[in-house]
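Enquirer: Please find one structure pasted underneath; my questions will follow.
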């Protein structure tokens, strides 16, 4: 996102500290207002505080370098890596957690895996309105300089209530919860799904894919001294290998690759480091059949379509109602009425009902910006560029 919103230079560490702080506030509120009097009464047991706080602080510890893109190319999984870092006897994190109790690392990991027996703790860290989401929305909104992600955190915390099956919200706080849902929706549409951000991700993905291809085909001379990536090219890496990589290490490799003898690797590295994103257009069901034609035109213009084109779809579910028939973690938002009975949010909120279960987003086709330029140095390709551009109108792929 920092390629589009240049203030977005914050880190997962600061986010994790923020999630810890929101979780601490929730624990304090629960202990002050809803302390458990006896086991099984559905109120807050403050013995759960430490496991909740540790899970909050460590919930993202398994994210690696350029996390989601790296995962896609090398088939890693940040949630599994988080669990391994917490439970591995070889990690410093595990050594610290074991000082609490021998089984404490497994307890913390089970919260993140959503298998911990107390649903209040699980929902505090992972649900449709949790400490994780509340922090990243406010933090990302602040650092990107947008107002889409703002909502009344104080009010939401004030109306949270523990009950036997998790966490509910007092009916009087419904509008604050609605505001949160809408804020999350807007952030995904305007910030997280921004076409330029997705374009940079596409370039990064193709850059790593090209590097992997060169390694697999014995062209390691084109990669230079980038041996920390070799275990991932082989698909056989350890936790130690994983922890050696971060964004800085990869960026140093990308800088080397700008001077690679492989022209595709060199060009993609240059585009990524020097902010030269691909252009894109929206694709619909009616125009998807045109994609092979566009890829051929890109290839005819001298670009390898495998590395210089891509389709990318980004969709979000603003609010998901719970269905007992579906095998998934219970995450719907419950409101507590004055008589103590619970009602699911979309049943009483017309606003939330209107967006419940409906995905939003788009599918886009990405291509080199040269294909859209009106001024090209090579007149030989002018007919190709003109034909390509005839399929584009108003940021959308159209039928001719």
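In full-length UniProt numbering, the protein residues as written are 1 to 400. Note that beta-carbon positions come from the ideal geometry of N, C-alpha and C, so glycine has one too. Just so it is clear, the structure is predicted and the values come from calculations on it, not from any experiment.
Among residues of its own chain, excluding the 5 on either side of residue 168, which ones have a beta-carbon nearer than 7 Å to its beta-carbon?
Expert: 161, 334, 335, 336 and 342
Enquirer: Is residue 320 near residue 128, with beta carbons less than 9 Å apart?
Expert: yes
Enquirer: Less than 9 Å separating the beta-carbons of residue 86 and residue 105?
Expert: yes
Enquirer: Evaluate residue 184 with the Cβ neighbour count: other Cβ atoms within 10 Å of its Cβ, from every protein chain shown; 16 or more gives buried, anything less gives exposed.
Expert: Buried, by the Cβ-count rule.
Enquirer: Using the Cα positions of residue 51 and residue 99, report the straight-line distance between them to the nearest angstrom.
Expert: 13 Å
Enquirer: Check this for me: beta carbons of residue 177 and residue 356, under 9 Å apart or not?
Expert: No, Cβ-Cβ distance for residue 177 and residue 356 is not below 9 Å.
Enquirer: Can you pull the DSSP bridge partners for residue 312?
Expert: 364
Enquirer: Find out if the Cβ-Cβ distance for the pair residue 74, residue 173 is shorter than 9 Å.
Expert: A distance of 9 Å or more separates the beta carbons of residue 74 and residue 173.
Enquirer: Please determine whether the Cβ atom of residue 368 lies at a distance below 8 Å from any heavy atom of the ligand MN.
Expert: This structure lacks the ligand MN, and indeed carries no ligand of any kind.
Enquirer: Kindly indicate which three-state DSSP category residue 28 falls into: helix, strand or coil?
Expert: helix
Enquirer: Select from 126, 385 and 364 the residue whose C-alpha is nearest the C-alpha of residue 371.
Expert: 385
Enquirer: Using the beta-carbon count (16 or more within 10 Å), is residue 283 buried or exposed?
Expert: buried
Enquirer: Which word fits residue 318, buried or exposed, when buried means at least 16 other C-beta atoms lie within 10 angstroms of its C-beta?
Expert: buried
Enquirer: Please state whether the Cβ-Cβ distance between residue 82 and residue 63 is less than 9 Å.
Expert: It is a contact, given that the beta carbons lie within the stated cut-off.
Enquirer: Spatial neighbours of residue 166 within its chain, please: CB distance less than 8 Å, with the 5 preceding and 5 following residues excluded, ordered by chain position.
Expert: Around residue 166: 119, 120, 122, 123, 127, 330 and 334.
Enquirer: Under the three-state reduction of DSSP, which class applies to residue 66: helix, strand or coil?
Expert: coil
Enquirer: Quick one: measure Cβ to Cβ for residue 198 and residue 281, integer angstroms, because I've assumed they're closer than 8 Å.
Expert: Contact doesn't hold; Cβ gap of about 12 Å is too wide.
Enquirer: One question on the structure: do residue 399 and residue 220 come within less than 9 Å of each other, judged by their Cβ atoms?
Expert: no
Enquirer: With a threshold of 8 Å on Cβ separation, who are the neighbours of residue 238 within its own chain once the five nearest residues in sequence on each side are excluded?
Expert: 231
Enquirer: Give the list of continuous alpha helix (DSSP H) stretches no shorter than 4 residues that lie fully inside the UniProt domain "HD/PDEase" (8-146).
Expert: If one requires a minimum length of 4 residues, the alpha helix (DSSP H) runs lying completely within the UniProt domain "HD/PDEase" (8-146) are 12-33, 49-58, 67-74, 78-87, 92-98, 104-112, 119-125 and 131-144, in chain order.
Enquirer: Let me know if residue 302 comes out buried or exposed under the rule of 16 or more other beta-carbons within 10 Å of its beta-carbon.
Expert: exposed
Enquirer: Quick check on DSSP: helix, strand or coil for residue 334?
Expert: strand
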